[in-house]
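Q:
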Amino acid sequence: MADLPKRKLGRTGLEVTVLGFGAMELRGPGQWRGRPLAPGQAQQVLNTVLDAGINFIDSSIDYGESEENIGRYISHRRSEYLLASKCGCLVDRSSAPPGEPFQHVFTRKNISDGVDQSLKRMRTDHLDLVQFHGSPSKQVLEQEGAIQTLLDLKREGKVRFIGASSTLPDLVDHIRMGVFDAFQIPYSALQREHEAAITQASKAGAGTIIRGGVARGVPGQGQGSEDVWNLWDRARLRDLLDDMTQMEFMLRFTISHPDLSTTIVGTLNPAHLKENLAAVRKGPLPTPVYNEAKRRLAAVGAVPASTI
Ligand SMILES: NC(=O)c1ccc[n+]([C@@H]2O[C@H](COP(=O)([O-])OP(=O)(O)OC[C@H]3O[C@@H](n4cnc5c(N)ncnc54)[C@H](OP(=O)(O)O)[C@@H]3O)[C@@H](O)[C@H]2O)c1
Numbered sequence: 007m008a009d010l011p012k013r014k015l016g017r018t019g020l021e022v023t024v025l026g027f028g029a030m031e032l033r034g035p036g037q038w039r040g041r042p043l044a045p046g047q048a049q050q051v052l053n054t055v056l057d058a059g060i061n062f063i064d065s066s067i068d069y070g071e072s073e074e075n076i077g078r079y080i081s082h083r084r085s086e087y088l089l090a091s092k093c094g095c096l097v098d099r100s101s102a103p104p105g106e107p108f109q110h111v112f113t114r115k116n117i118s119d120g121v122d123q124s125l126k127r128m129r130t131d132h133l134d135l136v137q138f139h140g141s142p143s144k145q146v147l148e149q150e151g152a153i154q155t156l157l158d159l160k161r162e163g164k165v166r167f168i169g170a171s172s173t174l175p176d177l178v179d180h181i182r183m184g185v186f187d188a189f190q191i192p193y194s195a196l197q198r199e200h201e202a203a204i205t206q207a208s209k210a211g212a213g214t215i216i217r218g219g220v221a222r223g224v225p226g227q228g229q230g231s232e233d234v235w236n237l238w239d240r241a242r243l244r245d246l247l248d249d250m251t252q253m254e255f256m257l258r259f260t261i262s263h264p265d266l267s268t269t270i271v272g273t274l275n276p277a278h279l280k281e282n283l284a285a286v287r288k289g290p291l292p293t294p295v296y297n298e299a300k301r302r303l304a305a306v307g308a309v310p311a312s313t314i
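Quick note, the sequence shown lines up with residues 7 to 314 if you use the working numbering.
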């Protein structure tokens, strides 16, 4: 089978598969209503991801058992994937009660200890990308010397590139700071707020890692919420499906964004992974379908937020 399409992750120069893997689903039941993992399930999912040629995996200290699963089940295949995690998350929050809101602390000690913990959990000597988690304000990052901490970790060889998981309005400041190699940004047909910001980030030379690219799946079949998905009906997107499933349409809409580097779709279901791989192999939506979808979304008020 042909290789998965790849795009450049901005100024990092890394070539990433357009479909990446979001490893949050491997968190287990202890965190944020995570689903239980059957014996062998994390091992199977992660190895299937690599067998399919996906070369970019995103995790976080905050994702329960996710980092440990990566270390346990695929660290022996480390040369096959680029590995991204987050920082600023509390180190070892195992004592925090499940459901308690996640706190982020951007002190030198918490960031450095967190990166060391991620390296140990994922059984590797470097992260390809470390991202500030939770879209901290520029002011917080500057107060705490957080950027310098990441640059020091880079010099020590523990991380190769630095980024941020950002949302508006902080994302605009983060782009202007000019220090980040990549941004993780939420986006899909049903959540277009960051559409223009993705372009702004890319124009500034950063790679763009899109989360939420399938809006968590059709409610009832996947984990998506009715609140988000009611836009599907309001915008009459079903008329544009032709022979596509809703998931194929969603994913191909997301990768139609010309400034996207990769979208890190998460799944625990091998059939869903297969469907997503097939969709990405078909490529972006045909231009007339993409334009009509954007027109219909705009007609019901779903437009990108201004970044000016
Ligand atoms: N602040 C942050 O930095 C932040 C926040 C959230 C997420 N993330 C990252 O982004 C990644 C993805 O984000 P996300 O989980 O919010 O969004 P997503 O990738 O849009 O949604 C993942 C969900 O969609 C379902 N799904 C995937 N493919 C499907 C298909 N073909 N058919 C039906 N359902 C399908 C999966 O359920 P099944 O398992 O049933 O397939 C999974 O629950 C996470 O894993 C994480 O790495 C980062």
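Yeah, the Cβ is synthetic: ideal placement off N, Cα and C, and Gly gets one too.
Here the structure is a predicted model, which means the values were calculated and not measured.
Counting C-beta neighbours from all protein chains within 10 Å, is the total for V136 16 or more, i.e. buried, or is it exposed?
A: The residue you call residue 136 lines up with position 130 of the sequence shown. That one is buried.
Q: Leaving out five residues on either side along the sequence, give the residues of the same chain with a beta carbon under 7 Å from the beta carbon of G307.
A: Counting from 1 along the sequence shown, the entry for residue 307 is found at position 301. So the list is empty, once near-sequence residues are dropped.
Q: Where are the beta strand (DSSP E) runs, 3 residues long or more, that stay fully inside the region 45-104, in chain order?
A: Entirely contained in the region 45-104, the beta strand (DSSP E) runs reaching 3 residues are, in chain order, 62-64 and 88-93.
Q: How about I168: is its Cβ closer than 8 Å to a heavy atom in ligand 1?
A: For this step, residue 168 is matched to residue 162 along the sequence shown. Flag unset: Cβ of I168 not near ligand 1.
Q: For D119, which residues of its own chain have a beta-carbon under 6 Å away from its beta-carbon, when the five flanking residues on both sides are left out?
A: Position 113 of the sequence shown, counted from the start, is the residue given in the question as residue 119. Result list for D119: V97, in chain order.
Q: Taking the alpha carbon of F62 as the point to measure from, which residue in R39, A48, D68 and L25 has its own alpha carbon closest?
A: Taking the first residue of the sequence shown as position 1, residue 62 is located at position 56. With distances taken between Cα atoms, F62 lies closest to L25.
Q: Along the alpha helix (DSSP H) that carries A311, what are the first and last residues, could you check?
A: By 1-based counting over the sequence shown, the position of residue 311 is 305. Counting along the chain, A311 falls outside any alpha helix (DSSP H), and DSSP gives it neither H nor E.
Q: Can you check which of these residues, G218, G219, V178 and M183, is closest to T205 by C-alpha distance?
A: Here residue 205 refers to the residue found at position 199 of the sequence shown. Of the listed residues, the one whose Cα sits closest to T205 is V178.
Q: Whose CA, out of S91, H132 and Q47, lies closest to the CA of V170?
A: Stepping through the sequence shown from its first residue, residue 170 is reached at position 164. Per the sequence shown, the amino acid found at residue 170 is Ala instead of Val. The shortest Cα separation from A170 among S91, H132 and Q47 belongs to S91.
Q: In the DSSP assignment, find the unbroken alpha helix (DSSP H) run with Q154 in it and report its ends.
A: Position 148 of the sequence shown holds residue 154. Run containing Q154: A152 to R161, per the alpha helix (DSSP H) assignment.
Q: Which term fits G46, buried or exposed, when burial requires 16 or more other beta carbons within 10 angstroms of its beta carbon?
A: Taking the sequence shown and counting its residues from 1, one reaches residue 46 at position 40. Exposed is the call here.
Q: Would you check if there are 3 or more beta carbon pairs closer than 8 Å linking the region 36-52 to the region 245-260?
A: At 8 Å Cβ cutoff, the stretches do not touch.
Q: Considering only the alpha carbon of each residue, which of L125, R217, H132 and T113 lies closest to V146?
A: Taking the sequence shown and counting its residues from 1, the one referred to as residue 146 is at position 140. Considering only alpha carbons, the answer is T113.
Q: Tell whether a beta-carbon distance below 9 Å holds between T273 and E31.
A: As a first step, residue 273 must be located in the sequence shown, where it is residue number 267. As a first step, residue 31 must be located in the sequence shown, where it is residue number 25. Yes.
Q: In this structure, how does DSSP classify F259 when only helix, strand and coil are distinguished?
A: One-based indexing of the sequence shown puts residue 259 at position 253. If DSSP states are grouped into helix, strand and coil, F259 belongs with the helices.
Q: Tell me, please, which residues DSSP counts as bridged to Q197.
A: Indexing the sequence shown from 1 puts residue 197 at position 191. For Q197, which the question treats as bridged, DSSP gives the partners S194.
Q: Compare the C-alpha of I215 against each of T155, T293 and V22 and name the closest.
A: To locate residue 215, count along the sequence shown from 1; it is residue 209. Measuring from the Cα of I215, the nearest candidate turns out to be V22.
Q: G184 by DSSP, collapsed to three states: which one?
A: Counting from one through the sequence shown, the residue named residue 184 turns up at place 178. G184: coil per DSSP, three-state reduction.
Q: Cα separation between N27 and E150?
A: The count along the sequence shown starts at 1 and reaches residue 27 at position 21. The count along the sequence shown starts at 1 and reaches residue 150 at position 144. Position check: residue 27 holds Phe in this sequence, whereas Asn was assumed. Cα to Cα, the separation comes out at about 31 Å.
Q: What first and last residue would you give for the alpha helix (DSSP H) that runs through R287?
A: On the sequence shown, position 281 is the one that residue 287 refers to. Residues P276 to K288.
Q: Looking only at its own chain, which residues have a Cβ that is under 7 Å from the Cβ of H110, when we skip the five neighbours before and after it?
A: If you number the sequence shown from 1, residue 110 lands on position 104. So the list reads G94, C95, H139, G140 and P142, once near-sequence residues are dropped.
Q: Output needed for M128: all residues of its chain with C-beta closer than 6 Å, excluding positions within five of it in sequence on either side, in chain order.
A: On the sequence shown, position 122 is the one that residue 128 refers to. Excluding positions up to five away in sequence, the list reads E73, I76 and G77.
Q: State the DSSP-derived secondary structure class of E106, mapped to helix, strand or coil.
A: In the sequence shown, residue 106 corresponds to position 100, counting from 1. Reduced to three states, the DSSP call for E106 is coil.
Q: Quick one, which of R13, V185 and P175 has its alpha-carbon nearest L157's?
A: Sequence index remark: in the sequence shown, residue 157 carries index 151 (1-based). Answer by Cα proximity: V185.
Q: Suppose contacts are defined by Cβ-Cβ distances below 9 Å. Is H132 in contact with L174 by that definition?
A: Position 126 of the sequence shown, counting from 1, holds the residue named residue 132. Position 168 of the sequence shown, counting from 1, holds the residue named residue 174. Not closer than 9 Å, so no.
Q: Under 9 Å, do A241 and A311 count as touching if we go by C-beta distance?
A: Translated into positions along the sequence shown, residue 241 becomes position 235. Translated into positions along the sequence shown, residue 311 becomes position 305. No, the pair does not count as a contact, with Cβ atoms beyond the cut-off.
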